[in-house]
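All remarks here apply to the structure that follows.
Protein chains: 2
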Amino acid sequence: MSSPYALLFFLSLLLAFSVESKLQHIKWEIRYSNRSPDCFTKLSITINGLTPGPTITATEGDTLVIFATNGLFTENTSIHWHGILSLASGWDEGTREPFEYDEERSLVLNDWWHRRTYEQEIGLSSLNFNWIGEPDSLLINGRGRYNCSLAGPLDACNVTNPECSPAALAVMPGKTYRLRIANVASLSALNLEIEGHNMTIVEADGHYVKPVVVKNLNTYSGETYSVILKAEQSPSRNYWVVLNVVGRKPRTPTGTAILNYYPNNPLQQPPNDPPSGPLWDDTMYRLNQSKLIVSHPEYIQTPPRVPHRTILLLNSQSRIDGYLKWSLNNVSYFFPTTPYLIAMKKRLLHVFDPGHAPESYDYKSHDIWSAPKNPNATLGNGIYRLEFGSTVDVVLQNTNTLTPNNSETHPWHLHGHDFWVLGYGLGKFDPEVDTREYNLVDPIMKNTVALHPYGWTAIRFQANNPGVWAFHCHIEAHTFMGMGVVFEEGVEKVGKLPSSIMDCGESKLLRKP
Amino acid sequence: MSSPYALLFFLSLLLAFSVESKLQHIKWEIRYSNRSPDCFTKLSITINGLTPGPTITATEGDTLVIFATNGLFTENTSIHWHGILSLASGWDEGTREPFEYDEERSLVLNDWWHRRTYEQEIGLSSLNFNWIGEPDSLLINGRGRYNCSLAGPLDACNVTNPECSPAALAVMPGKTYRLRIANVASLSALNLEIEGHNMTIVEADGHYVKPVVVKNLNTYSGETYSVILKAEQSPSRNYWVVLNVVGRKPRTPTGTAILNYYPNNPLQQPPNDPPSGPLWDDTMYRLNQSKLIVSHPEYIQTPPRVPHRTILLLNSQSRIDGYLKWSLNNVSYFFPTTPYLIAMKKRLLHVFDPGHAPESYDYKSHDIWSAPKNPNATLGNGIYRLEFGSTVDVVLQNTNTLTPNNSETHPWHLHGHDFWVLGYGLGKFDPEVDTREYNLVDPIMKNTVALHPYGWTAIRFQANNPGVWAFHCHIEAHTFMGMGVVFEEGVEKVGKLPSSIMDCGESKLLRKP
């Protein structure tokens, strides 16, 4: 899946700690290749022929020079360093990690469609709304298994293709592993479970977590985690690594990989059926797991006690001229064709809405439990201008969609910052009551956080990174349908922009020969 | 099918003759829509939701103002007025047509794939060459019939979809019809036959033809014809209109439409099986029909008797660094990223090869009947610079491909000019002998002409249209693989170029704010 305006590349950057810093030169060729990650052959966007792309193994402090070539046919591409470009934290360098392990392994979790993004887009943006449907497969480290009997006789689908043999996670009996987990799905909340093994969550979005033991881990699109896994079960067999959709009614088969105890054959199937994971609609289970993720006691970054500004965002499904949309405080966001940063620096202020985006909604009387009686919203791309250095709270409030008795999960992702997760709740956020329950003692910092069905999520961040930053639901279809806002802070501190970036919308006219 | 660098829109411009000229304003919205022309639903490029696009009915001399909006996701688009922008001929205006008819009907003939162009492109440009395969369907006026049992159970394929009910050509018993035929296929030579009815060819590529009666008509990608059809058979039933692939071994079912005699039901199937058309590999049949197409005696434009220059082009399949290519005189053409016209006017002469493209090949000793022993070619984009006003002959010589006992058909199309078709032959062109047999008496003028397997085709044109003009095989895959050359003539007579077209390659840097 890729959005039309920017391709998002997730990186499993393996950060290790070391006193030496290195300079690494890396070449990436981005192009279409036929790949069969779930046995069904499909033209896919790849980096150096791979999807997911190649892993970069780096030590914090290293300098990476990445030379990317766009070999796509007509699409522009940009690289989003998801979660990497946040400001350096004080404890970041030279610190010992608060957990131990022998080796580490990556687990990249994904959902996968055989139809292309543009088909989804046409369906989402049609008056006759047409949902592309749930994923065809779930992939673990780029491998899944499609039921080829559902493909046509002329489709290239072959379950004996080695490209789709299940991913094997090789472990030595008795050793301890750090699993670096990234949910790079475009839609799905994914529950990861490893048969017969508990996992200890130790890190989330680059921040150390007070260790918490779980039987399985809920991950939301855009999140990263580290968990500790001990290979302490009987080494005479392999075990299932399973991936299940949660939060939406699953219509996609369980994704599987093999936890491969040495010296068993990595293709040897475990003797039992794969575990089926938690109930997909057990919101309380997921909400409670979210609440368990707090900062490791030795690595707490205490948030400012009081915000300078609080923005309440009502997340609702809506309609504009009959088109289905998502909106915040009844405004459905659309991207201006000229980039904000260039527009602000070059005084092209007419290219986006001059008014401020709405700060709040009628939180006292709004009924979050019912489909809205008046679902009409408006389009907009006005922004929130934040005072540089100020502390900002955002409370995300979920509601019923246009479908009775339905509320969806939204993983919200903020560019350019990490934020504190101050609290989650079920039901309607009450500023008088709920702010008193905020965790100001050991909140975790993250860049992506779940908003649970019918729930609320409160975050706090410092507006200390000069620029223009998106904050959006990380489900691609939702972003496309307007589920995002934009923050500006300290744009006057951004230096002179290079002429070479003047390429989109009216900025093209500013480009110097 | 569409090429990545320019979308080619064929227009069935219905030119009628009248003393009044009109101004017409037309709006085109180019966008992706789900269409099911052969019962299989596919995201398709459409104009105003239609493929083929809407017909423009105009009278020669009318002024058409066409406002096109590009609603594609990432692709640029350009409109090629195929065969329309040739210089006005002296006889063009106010002349009576040399044939009579009661009404006219359009027949747009096409080949259709369910997989997208990019999949074809990846296959064509891979070291491991992978041909997308023959068309899934043949379409008549945008309608065909796919065998849905070949589609997967999840594919939207439905033979009862009214979108793919066969095209009906309604006729009144006893009346005479002009059928305006356009072959808009990206690959296929298509034989059109109307059960029980002969056709009289009266026009080709906009020029009147000495009437010739045929049982069926061979058409090559990019060609247009008019034929006269008399509805003089028994009106108690309908008749088949059939389309068959010729020149390549057919793997696509016959395309069918209904010749519907009023007042029969247009959906009533004719009682017999559809005619099967001529043998696909009967080259002599097609060559002889090509030779029958000469100018109408009252509309002859006599060519200059002697050319100033003759260019011989050996059409061969070749390899470059292992990649499969097509080449002319051993040069496989590739497009420069900066347009030639801008490059020449702005003296950016380094953006294409400075040397001239090769004028000839070793025509005395070259063996056209065998796969080449040394298939290596080179890439190039040098051009032919023609003296303005000069007369130029081009002789296209076909050869055996890299496959033993195989030679393909290539429909060559020239931009910016009509040319005289001086002769066709089978075997090796011999300048000493064959030029004496040229038809200088009543050659037809065309803009697209077939080069038959193992044959040669000779054309003549006047370099009298200032600009830079492509001459290429109209099979999209062949053009993509290098089968084209470029002519320049009188570029100094082209006026100042508007800044607004400075958009591609280095020309972007010339754009003024």
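Note that the protein sequences, when read in sequence, are chains P and H.
Going by UniProt numbering, the first residue of the first sequence is number 1, and it counts up by one from there.
Going by UniProt numbering, the first residue of the second sequence is number 1, and it counts up by one from there.
Glycine included, C-beta positions come from ideal geometry on N, C-alpha and C.
Determine, for residue i, whether the minimum Cβ-Cβ distance to residues of chain H falls below 8 Å.
i        : result
ALA343/P : no
MET1/P   : Only weak support exists for where MET1/P lies, its pLDDT of 33 falling under 50; the coordinates are left without a value.
Is the Cβ of residue i closer than 8 Å to any Cβ of chain P?
i        : result
ASN34/H  : yes
LEU279/H : no
GLU74/H  : The residue you asked about is not Glu; residue 74/H is Thr in the sequence shown. It does: the Cβ of THR74/H has a partner Cβ on chain P nearer than 8 Å.
ILE201/H : no
LEU87/H  : Residue confidence is low: LEU87/H scores 46 on pLDDT, short of 50, so the model does not pin down where it sits. No coordinate-derived value is stated.
LEU43/H  : yes
GLU121/H : yes
LEU497/H : no
TYR333/H : no
TYR118/H : yes
To the nearest whole angstrom, what separates the beta carbons of residue i and residue j, a pair I think is in contact under 8 Å?
i        : j        : result
PHE40/H  : ALA151/H : 6 Å
THR176/P : LYS230/P : 5 Å
TRP456/P : GLY425/P : 5 Å
HIS413/P : HIS474/P : 4 Å
HIS207/H : GLN233/H : In fact, because the Cβ distance is near 30 Å, the residues do not count as touching under 8 Å.
THR219/H : LEU192/H : 6 Å
LEU313/P : LEU328/P : 5 Å
THR51/H  : GLY144/H : Not a contact, Cβ separation roughly 12 Å.
ASN465/P : GLU489/P : 7 Å
GLY222/P : PRO411/P : 5 Å
Anything in the UniProt domain "Plastocyanin-like" (370-490) of chain P with a Cβ closer than 8 Å to a Cβ of chain H? List those residues in chain order, please. none
Alpha helix (DSSP H) runs contained entirely in the UniProt domain "Plastocyanin-like" (30-96) of chain H, provided each spans 4 or more residues: none
For a minimum of 3 consecutive residues, which ranges assigned as the beta strand (DSSP E) are wholly contained in the UniProt domain "Plastocyanin-like" (105-263) of chain H? 137-140, 168-171, 176-183, 189-194, 199-204, 207-214, 216-219, 224-230, 239-246 and 255-261
Length at least 4, wholly inside the segment 429-477 of chain P: the alpha helix (DSSP H) runs in chain order: 431-434
Runs of beta strand (DSSP E) wholly within the segment 336-408 of chain H (minimum 3 residues, chain order): 378-380, 384-386 and 391-397
Would you list, in chain order, the members of the segment 130-160 of chain H that have their beta-carbon closer than 7 Å to a beta-carbon of chain P? LEU150, ALA151, GLY152, PRO153, LEU154 and ASP155
Is it the case that the segment 194-209 of chain H contacts the segment 125-145 of chain H, given that we only count it when at least three CB pairs across the two stretches are under 8 Å? no
Are the segment 363-374 of chain P and the segment 285-296 of chain P in contact at 8 Å, needing three or more beta carbon pairs? no
Give, in chain order, every residue of the segment 301-327 of chain H whose Cβ lies closer than 8 Å to some Cβ of chain P. none
Is there contact here, the segment 174-190 of chain P with the segment 97-117 of chain P, by at least three beta-carbon pairs under 8 Å? yes
Runs of beta strand (DSSP E) wholly within the segment 478-511 of chain P (minimum 3 residues, chain order): 484-489
Indicate whether the contact test is met: 3 or more Cβ pairs, each with one atom in the segment 253-265 of chain H and one in the segment 406-414 of chain H, closer than 8 Å. no
Would you call the segment 155-170 of chain P in contact with the segment 33-51 of chain P, where contact means no fewer than 3 C-beta pairs closer than 8 Å? yes
Under 8 Å, with one C-beta from each stretch per pair, do the segment 343-354 of chain P and the segment 387-396 of chain P reach the 3-pair mark? no
Would the segment 439-449 of chain P count as touching the segment 498-513 of chain P if we require 3 or more Cβ pairs under 8 Å? no
Per the contact definition of three or more C-beta pairs closer than 8 Å, is the segment 67-84 of chain P in contact with the segment 23-39 of chain P? yes
Within 8 Å, do at least three Cβ pairs link the segment 264-284 of chain P to the segment 233-250 of chain P? yes
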